[in-house]
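**Q** Be aware that the sequence shown starts at 49, since it is given in the working numbering, and climbs by one per residue.
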Amino acid sequence: MNCYYCDEIKSTAPEYTDSPARFDLGSAAPRCSKHWRYVCSMCDTANHFMSTAFCPSGRNFFCSRCATDVRQEAGEFWAWQYFFGFRSPWSGEWVPTLDRAEFNGEHPISIDGERAATRLAISKEEYIVRYPEKRTLWRPEHEVTEADVQASWNTNAERWDSMYDDDGDRNRRYQSDEPMLALLGDVESMNVLDVGSGNGYLSRKLARSGASMTGVEIASRMLEIAAEREHQEHLGITYHHASASEMDFLEDSTFDKAVSNYVLMDIKDYVGALNQVFRILKSGGHFVAVFSHPCFASGPAGWVVPAPDTPRSEERFAYRVDTYFQRGPYYGVWGNLDPVLSFHRPLRDYWRAFEETGFVVDGFDEPSVAERGRRELPPWRVQEALRIPYSCIFRLKKP
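1. If you drop the 5 nearest sequence neighbours on each side, which residues of the same chain put their C-beta closer than 7 Å to that of residue 103?
2. Would you tell me roughly how many angstroms separate the C-alpha atoms of residue 245 and residue 338, rounded to the nearest one?
3. Are there 16 or more other CB atoms within 10 angstroms of the CB of residue 334, so buried, or fewer, so exposed?
4. Per DSSP, which residues does residue 261 bridge with? Please list them.
5. Looking only at C-alpha atoms, which of 259, 79 and 391 sits nearest to residue 377?
6. Would you say residue 189 and residue 71 are within 8 Å of each other, going by their C-beta atoms?
7. Quick check on DSSP: helix, strand or coil for residue 389?
8. Residue 336 and residue 295: beta carbons closer than 8 Å?
9. Should residue 180 be labelled buried (16 or more other beta-carbon atoms within 10 Å of its own) or exposed?
10. Using 8 Å as the threshold, is the C-beta distance between residue 367 and residue 346 below it?
11. Take the Cβ of residue 123 as the centre, count every other Cβ of all protein chains shown within 10 Å, and call the residue buried at 16 or more, exposed below.
12. Using three-state DSSP, classify residue 344 as helix, strand or coil.
13. What number of angstroms, rounded off, separates the C-alpha of residue 114 from the C-alpha of residue 86?
14. Please state whether the Cβ-Cβ distance between residue 228 and residue 441 is less than 8 Å.
15. State yes or no: is the C-beta of residue 448 within less than 8 Å of the C-beta of residue 241?
16. In whole angstroms, what is the alpha-carbon distance linking residue 443 and residue 433?
17. For residue 124, report the span of its beta strand (DSSP E) as first-last.
18. What is the rounded straight-line gap between the Cα of residue 201 and the Cα of residue 267?
19. What residue from 279, 233, 96 and 322 has the CA that sits closest to residue 252's CA?
20. Kindly indicate which three-state DSSP category residue 374 falls into: helix, strand or coil?
21. Can you give me the C-alpha to C-alpha distance between residue 425 and residue 214, rounded to a whole angstrom?
22. From the DSSP output, read off the bridge partner residues of residue 144.
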């Protein structure tokens, strides 16, 4: 049985000398010793060989988590279009991960004096544990309150804010903001409500475009961050600490437009929130709502990959979804955030709620990659963004 990665390399470099698989036998990606997992000298965890680098100065292996910095570098080699570079915690020098090091003839297993240490660093585990499958933590709806929603976002506020600049995070910058702003249209000299304003990045962006902004946010720590920025920039934004379903302090028919950016799926009483937005909008006003696409954000959803520990997104060959029709609150995991409380509903529930509230749907989009993303992202990132929509956008009109 050949090594999965040896076969990948031979597909573009027939002269490559492959090796028999010794690890993860019986899986879709059996691997040889060189392409197996390596134990990090700092944290003592085993990691995919493409998530591992070797520091020649320190003569140690280290993983992406222990590197002082990580970057992706364009450069075609074998079957791949890029590689990862890690900054060594010992020497501060940049070194490539082991896949690129092998291509360069610098893999430590090929260097005299390093072979023995390299063999010792290869993980002794024979298989990657794939089961039990990590499932979404569902909770009974009657046990969840808006205080739980507030606590979830207060816990994550600083980490969430650290991922943002004036254009939001990478998803908003390269995928959803451009079509969202196109559906929202001109906001100059208009009263605009930001429903679930978070750290205020969108309120600030629209205020710079001439809008008179009001933000409503349930998480007090998020609101504090937004208020701190307003104190620095003086954009004239007014913020309120409240649930989107309880905005009675705002007068009827006072806003020209409203927007919510990845918020509806985090509101328990989303129908109440829709009724509030409908009430405060002027006749003819629009509400643009962006939220996580229900078709791809429910249950144990995730990418299916032959080697589940790979850092390469292009190895994903399918996206799995399940329990799509199961409604209710659940805790999802995003990156380094603590579990985030959200509420799953099938897409049809949103459509029905929009219509029953009185809105007319007059615009819809499923963002893939925006024009800015096509210009600035490397080709493999663009291809990844073209596979499935992570969000959907509705433009709703109040007759």
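Where is the CB? At the ideal position from N, CA and C, for every residue including glycine.
**A** Taking the structure as given:
1. The residues are 110, 136, 138, 139 and 143.
2. Approximately 12 Å, taken between the alpha carbons.
3. Buried.
4. When DSSP reads this structure, residue 261 sits in a beta bridge with 240.
5. That would be 391, whose Cα lies nearest to the Cα of residue 377.
6. No, they are not a contact pair.
7. Note: residue 389 maps to strand in three-state DSSP.
8. Taking 8 Å as the Cβ cut-off, residue 336 and residue 295 do not qualify as a contacting pair.
9. For residue 180, the predicted model reports a pLDDT of 49, less than 50, meaning its position is unreliable; a value from the coordinates is still stated below. The Cβ neighbour count for residue 180, taken over all protein chains shown within 10 Å, is under 16; the residue is labelled exposed.
10. Against a cut-off of 8 Å, the Cβ pair of residue 346 and residue 367 comes out as no contact.
11. Counting Cβ neighbours within 10 Å, residue 123 comes out exposed, since fewer than 16 surround it.
12. For residue 344, the secondary structure class from DSSP, reduced to helix, strand or coil, is helix.
13. Computed Cα separation, rounded: 13 Å.
14. In this structure, residue 228 sits near residue 441, with a CB-CB distance shorter than 8 Å.
15. The structure shown does not extend to residue 448, since the chain spans only 49 to 447, so no value can be given for it.
16. For residue 443 and residue 433, the distance between alpha carbons rounds to 22 Å.
17. In this chain, the beta strand (DSSP E) harbouring residue 124 covers 117 to 125.
18. Each residue's Cα considered, the two are about 6 Å apart.
19. Selection 279, 233, 96 and 322 evaluated against residue 252 yields 279 as nearest (Cα-Cα).
20. DSSP places residue 374 in coil when its eight states are reduced to three.
21. Spanning the two alpha carbons is a distance of roughly 18 Å.
22. Answer is 133.
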